[in-house]
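Enquirer: Sequential numbering of the sequence shown, starting at -13, is according to this note's numbering. Beta carbons: idealized from backbone N, C-alpha and C, even for Gly.
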Amino acid sequence: MMREPISVTALNQYVKGLLDRDRLLSQVLVRSEISNYKVYPSGHHYFSLKDAESSVRCVMFRREAASLRFRPENGMKVVVSGRVSVFPRDGAYQLYCSQMVPDGVGELAYAFEQLKNRLHREGLFDLAHKKPIPAFPHTIALVTSPAGAAVRDMIRILGARWPMAKVLVVPVRVQGAEAPPELCQALDLVNACQLADLIILGRGGGSMEDLWAFNDEEVARAIYRSEIPVISAVGHEPDVTIADFVADLRAATPSNGAELAVPDQQELRDTLTHLDARLGRAMDRTLQQQRQRVQRVQGSPFLQSPLRSIQEKRLLLDYQQQRMAHGMERQVQAHRQAMGRLAASLEALSPFRVLGRGYSITQGQDGAVVSAIGQVKAGDSLSVRVSDGTITCTATGKEKHRWQKKS
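#1: Can you tell me the Cα-Cα spacing of isoleucine 399 and glutamate 315, whole angstroms?
#2: With a threshold of 7 Å on Cβ separation, who are the neighbours of asparagine 242 within its own chain once the five nearest residues in sequence on each side are excluded?
#3: So, helix, strand or coil for leucine 197, using DSSP?
#4: Glutamine 351 and serine 373: beta carbons closer than 8 Å?
#5: Do leucine 5 and leucine 35 have their C-beta atoms within less than 8 Å of each other?
#6: Along the chain, where does the beta strand (DSSP E) that runs through phenylalanine 33 open and close?
#7: What whole-angstrom Cβ distance do alanine 237 and glycine 190 have, given they're in contact under 8 Å?
#8: What does the Cβ neighbour count give for serine 393, buried or exposed, with the cut at 16 atoms within 10 Å?
#9: Please classify cysteine 179 as buried or exposed, where buried requires at least 16 other C-beta atoms within 10 Å of its C-beta.
#10: What's the call for valine 158, buried or exposed, on a 16-neighbour Cβ count within 10 Å?
#11: Tell me where the beta strand (DSSP E) around methionine 46 begins and ends.
#12: To which residues does DSSP link leucine 406 through a beta bridge?
#13: Less than 8 Å between the beta carbons of leucine 184 and proline 215, yes or no?
#14: With a 10 Å radius around its C-beta and 16 neighbouring C-beta atoms as the bar for buried, classify leucine 144 as buried or exposed.
#15: Who are cysteine 379's beta bridge partners in DSSP?
#16: Pair every Cβ in the region -10 to 7 with every Cβ in the region 71 to 88, then say whether three or more of these pairs are closer than 8 Å.
#17: Can you grab the Cα-Cα spacing for the pair methionine -13 / valine 14, in whole Å?
#18: With DSSP collapsed to three states, give me the class of asparagine 22.
#19: Report the option in Arg322, Ser53, Arg371 whose CA atom is closest to the CA atom of valine 355.
#20: Using beta-carbon positions only, say whether valine 64 and methionine 46 come within less than 8 Å of one another.
#21: Return yes when the Cβ of threonine 125 is within less than 8 Å of the Cβ of alanine 146, no when it is not.
#22: Between the Cα of cysteine 398 and the Cα atoms of Glu99, Val42, Lys116, which residue gives the shortest distance?
#23: Spell out the partners DSSP gives alanine 78 in its beta bridges.
#24: Does the beta-carbon of asparagine 44 have 16 or more other beta-carbons within 10 angstroms, so that it is buried, or is it exposed?
#25: If distances are taken between C-alpha atoms only, which option among Leu94, Gln276, Glu204, Trp148 comes closest to proline 249?
#26: Please return the same chain residues whose Cβ sits closer than 7 Å to the Cβ of histidine 222, not counting the five positions on each side in sequence.
#27: Do you know whose CA, among Thr348, Leu335, Asp37, Glu204, lies nearest threonine 380's CA?
#28: Quick check on this structure: which residue in Arg142, Phe200, Arg271, Leu181 has the alpha carbon closest to the alpha carbon of arginine 170?
#29: I need the DSSP call for threonine 125, collapsed to helix, strand or coil.
#30: Leaving aside the five residues before and after valine 155 along the sequence, list all residues of the same chain whose C-beta is less than 7 Å from its C-beta, in chain order.
#31: DSSP state of arginine 322, grouped into three classes?
#32: Determine, using beta carbons only, whether glycine 29 and arginine 55 come nearer to each other than 8 Å.
#33: By the DSSP assignment, the beta strand (DSSP E) with glycine 188 in it spans what residues?
#34: Hey, could you find the ends of the beta strand (DSSP E) glutamine 349 is sitting in?
#35: Would you mind sorting tyrosine 96 into buried or exposed? The rule is 16 or more other CB atoms within 10 Å of its CB.
Given below as structure tokens:
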């Protein structure tokens, strides 16, 4: 029997009704791997779940996605719960997800590691950004719950260790959805108004869920941009939060945070007492050494008899004067003898010395010494120098020695 034809829309609506009425498909759990993950401006999340052989389209609407504590990523293994239905416009079935958790680890633990790795890559944990904790803070801001035991412990310890510091409690919620924005506002307020020179951010112990406000990304960034040093004092000693990594100093507990924030006045007093005793002993030693030095100076011969020292210096001066005079006499005598030897040598080499043995020196009218007959002609006036004077004469002729070759 022929059936009446129906429209595609009617077909898709019929299949959708079948799937929606199926109790098994109304709430399914699927373990698989995320692919093609996208977040649209509407806030809805679209992705696929796939295994080695198949894939299924999925959607998580903005309201359900807002409850995610981690960021889904392509390739991540997850367990998704939701319902299977048909989107009538496309005629394709898809999984409408209501919850998603990482496969194999808790959702909070995975979200913690994911955020920690991302902030570490951004440099929020770098030691170069850590600010020094003031040695003697004037005002300490406690950003914490005003009703918890942690704030009472911190105030008690700060008052006992360093009562000179002022303590300012900045009340905030430390648990629940309202806690992260309040923590950020408190940190920004203390910085904007310069209310303190040190901040302790903390709360008492609890589960990971209880401490989750201190794993919030915005709280971490508020700590990072704080110009005032921040001590993170969250939970018990085994508890570790993102705030611990970003803060300038991590304390194991709120009480330990108060201990790290200020010095112990009793320890400081003991240190000052010890230093005072050392200074006193050092001064006593110095005074004793100077006293002994004065005693040695008082016993010196100079102070006992100043004239004796002057007389000794005079004797030494006379002795040095005599030594200098004798030395100068020896130098003069040595130079005189050397000069005599040089004079004798010059005398021996003097051309005038040979004149005493009958030789003479003939000079022309210009004073030049005549050493050859070529320098003289008949009628020239000549000067002949002998041992005891000079003879003036006129050349009447000249004759070359026979042993000389005539020119």
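Expert: Reading off the structure:
#1: Since the first and last residues shown for the chain are -13 and 393, residue 399 lies out of range.
#2: Correct list, in chain order: Ala219.
#3: In the structure shown, the three-state DSSP call for leucine 197 is coil.
#4: The answer is no: Cβ separation not under 8 Å.
#5: Between leucine 5 and leucine 35, the C-beta spacing is not below 8 Å.
#6: 31 to 36 is the span of the beta strand (DSSP E), which, as asked, contains phenylalanine 33.
#7: Wrong, their Cβ atoms sit about 13 Å apart, outside the cutoff.
#8: Note on serine 393: pLDDT 45, under 50, position unreliable in the model; no value is reported.
#9: By the C-beta density criterion, cysteine 179 is exposed, having fewer than 16 other C-beta atoms within 10 angstroms.
#10: Classification of valine 158: buried, given that the 10 Å Cβ count is 16 or more.
#11: Here the beta strand (DSSP E) through methionine 46 covers 41 to 46.
#12: The requested residue 406 does not occur in the structure, where the chain is confined to residues -13 to 393.
#13: For leucine 184 and proline 215, yes; Cβs fall inside 8 Å.
#14: Burial call: buried.
#15: BP columns for cysteine 379 point to Leu368.
#16: The answer is yes - the region 71 to 88 touches the region -10 to 7, with three or more Cβ pairs under 8 Å.
#17: For methionine -13, the pLDDT reaches just 44, beneath the cut-off of 50, and the residue's location in the model is therefore unreliable, leaving the point undetermined.
#18: In this structure, asparagine 22 counts as strand in the three-state DSSP scheme.
#19: Comparing Cα-Cα distances from valine 355 to each of Arg322, Ser53, Arg371, the minimum goes to Arg371.
#20: In this structure, methionine 46 does not lie closer than 8 Å to valine 64 by Cβ.
#21: Not a contact, by the Cβ cut-off of 8 Å.
#22: No statement about residue 398 is possible, as the shown extent of the chain runs from -13 to 393 and does not include it.
#23: Partner(s): Phe73.
#24: Residue identity differs from the one stated: residue 44 is cysteine in this sequence, not asparagine. It is buried - the Cβ of cysteine 44 has at least 16 other Cβ atoms within 10 Å.
#25: Proline 249 has its Cα closest to that of Trp148, out of Leu94, Gln276, Glu204, Trp148.
#26: The residues are Gly191, Thr239.
#27: The candidate whose alpha carbon is nearest that of threonine 380 is Thr348.
#28: Correcting the residue type first, residue 170 is cysteine in the shown sequence and not arginine. Checking every option, the nearest Cα to that of cysteine 170 belongs to Phe200.
#29: Threonine 125: strand per DSSP, three-state reduction.
#30: Counting only Cβ-Cβ distances below 7 Å, and skipping sequence neighbours, we find Leu128, Pro132, Val137.
#31: If DSSP states are grouped into helix, strand and coil, arginine 322 belongs with the helices.
#32: Not closer than 8 Å, so no.
#33: Where glycine 188 is concerned, the enclosing beta strand (DSSP E) stretches over 184 to 189.
#34: 347 to 349 is the span of the beta strand (DSSP E), which, as asked, contains glutamine 349.
#35: It counts as buried.
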